[in-house]
Amino acid sequence: NAHAATFYVASTGKDTNPGTAAAPWVTIQRAANTVNPGDIVVVQPGVYKGAKFSRSGLPTAYIRFLGQPGVIVNSPGPLNSNGDNLWIRNAHYLILEGFTVTNAPRSGITVQGEPAPPARGNIVRRNYCHHKGRWGIFTGYALNVRIESNETSYSAAEHGIYVSNSSDNPLIRSN
């Protein structure tokens with residue numbers, strides 16, 4: 005994408021800032037509400053509330069959310085009515101990478117679409133999800149989801165990774 009941008013989130017930022025390295029946003033949700041295909045969001049070390057991701061990338065221009073070492077997401081975001089800390093909902097071609105996700109009431113990371121259409125082409129990789137209520141990583145109606153090189157531990161009720169409800173053609177490896 006010729007117009008792709010790199011945005012920044014830092015625990016010292018403000019959501020009224022432009023999201024640059026010098027003037028970052030403070031919430032992951034502000035970034036999730038702003039990005040377009042091909043954009044990259046760099047989340048700098050700190051403790052954050054989660055986010056609901058509903059903007060889509062393209063098969064040729066993923067939207068990437070990259071957590072730097074020391075990023076901890078320790079609660080659901082204000083739009084996350086389901087109790088998941090990082091929730092891809094009805095969005096396509098996103099990458100969530102490098103986050104430590106903990107204390108989720110339900111799931112650390114969820115990729116979920118409606119039954120029709122499913123969420124397509126999302127990638128969850130190199131995240132560490134621990135101490136959550138039900139699952140580390142959960143999918144429902146997620147077509148061609150890739151879950152790779154993650155670590156999950158201490159799920160209170162069920163699974164570390166649960167690929168459910170017509171999540172067709174998943175790729176799950178090196179977790």
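According to the numbering used here, the sequence shown is numbered sequentially starting from 5.
Backbone N, C-alpha and C fix where the C-beta goes; we use that ideal spot for every residue, glycine too.
Keep in mind the model is a prediction, meaning the values are calculated, not measured.
Sequence-distant residues of the same chain with beta carbon closer than 6 angstroms to residue i, five excluded per side
{"i": "Phe-69", "result": "Val-45, Leu-100"}
Residue from the options with nearest C-alpha to residue i
{"i": "Gln-116", "options": "Tyr-132, Thr-143, Cys-133", "result": "Thr-143"}
{"i": "Asp-43", "options": "Tyr-145, Val-30, Ile-76, Leu-62", "result": "Leu-62"}
{"i": "Gln-72", "options": "Arg-129, Gln-48, Ala-65", "result": "Gln-48"}
{"i": "Leu-147", "options": "Arg-129, Pro-121, Gly-137, Ser-159", "result": "Pro-121"}
{"i": "Asn-173", "options": "Arg-124, Ala-55, Ile-76, Ala-26", "result": "Arg-124"}
Proximity of residue i and residue j at Cβ, strictly below 9 angstroms
{"i": "Gln-33", "j": "Lys-53", "result": "yes"}
{"i": "Phe-57", "j": "Trp-91", "result": "yes"}
{"i": "Phe-11", "j": "Thr-38", "result": "yes"}
{"i": "Val-167", "j": "Cys-133", "result": "no"}
{"i": "Leu-98", "j": "Asn-126", "result": "yes"}
{"i": "Tyr-145", "j": "Pro-119", "result": "yes"}
{"i": "Ser-85", "j": "Asn-107", "result": "no"}
{"i": "Ala-55", "j": "Gly-74", "result": "no"}
Between the CA atoms of residue j and residue i - distance to the nearest angstrom
{"i": "Glu-152", "j": "Thr-16", "result": "31 angstroms"}
{"i": "Ala-8", "j": "Gly-112", "result": "28 angstroms"}
{"i": "Thr-20", "j": "Val-51", "result": "19 angstroms"}
{"i": "Val-13", "j": "Gly-102", "result": "14 angstroms"}
{"i": "Asp-88", "j": "Pro-22", "result": "27 angstroms"}
{"i": "Gly-137", "j": "Ser-159", "result": "6 angstroms"}
{"i": "Thr-156", "j": "Arg-177", "result": "13 angstroms"}
{"i": "Asn-154", "j": "Ile-76", "result": "15 angstroms"}
{"i": "Ile-165", "j": "Ala-36", "result": "24 angstroms"}
{"i": "Ser-182", "j": "Ala-25", "result": "In the structure displayed, the chain extends from 5 to 179; residue 182 sits before or after that span and is not available."}
{"i": "Tyr-141", "j": "Thr-114", "result": "Reading the sequence as shown, one finds Ile at residue 141 and not Tyr. Ile-141 and Thr-114: Cα-Cα distance of roughly 6 angstroms."}
{"i": "Asn-131", "j": "Asn-179", "result": "10 angstroms"}
{"i": "Ala-65", "j": "Arg-93", "result": "18 angstroms"}
Cutoff 8 angstroms; reference residue i; Cβ partners in own chain excluding five residues on either side
{"i": "Ser-60", "result": "Pro-41, Ile-67, Ala-95, His-96, Tyr-97, Leu-98"}
{"i": "Arg-129", "result": "Ile-99, Leu-100, Glu-101, Arg-150, Ile-151, Glu-152, Ser-153, Asn-154"}
{"i": "Leu-175", "result": "Asn-148, Val-149, Arg-150, Ile-151, Glu-152"}
Own chain partners of residue i with C-beta closer than 7 angstroms, once the 5 adjacent residues on each side are dropped
{"i": "His-163", "result": "Trp-139"}
{"i": "His-135", "result": "Thr-106, Asn-107, Tyr-158"}
Contact test: residue i Cβ vs the ligand NAD heavy atom, cutoff 8 angstroms
{"i": "Pro-41", "result": "No copy of the ligand NAD occurs in the structure displayed, which carries no ligand at all."}
Going residue by residue through the segment 8-74, where are the continuous beta strand (DSSP E) segments of at least 3 residues, counting only ones entirely within it? 10-13, 44-47, 50-53, 55-57, 67-71
In chain order, which continuous runs of the alpha helix (DSSP H) of length 4 or greater are located wholly inside the segment 89-155? none
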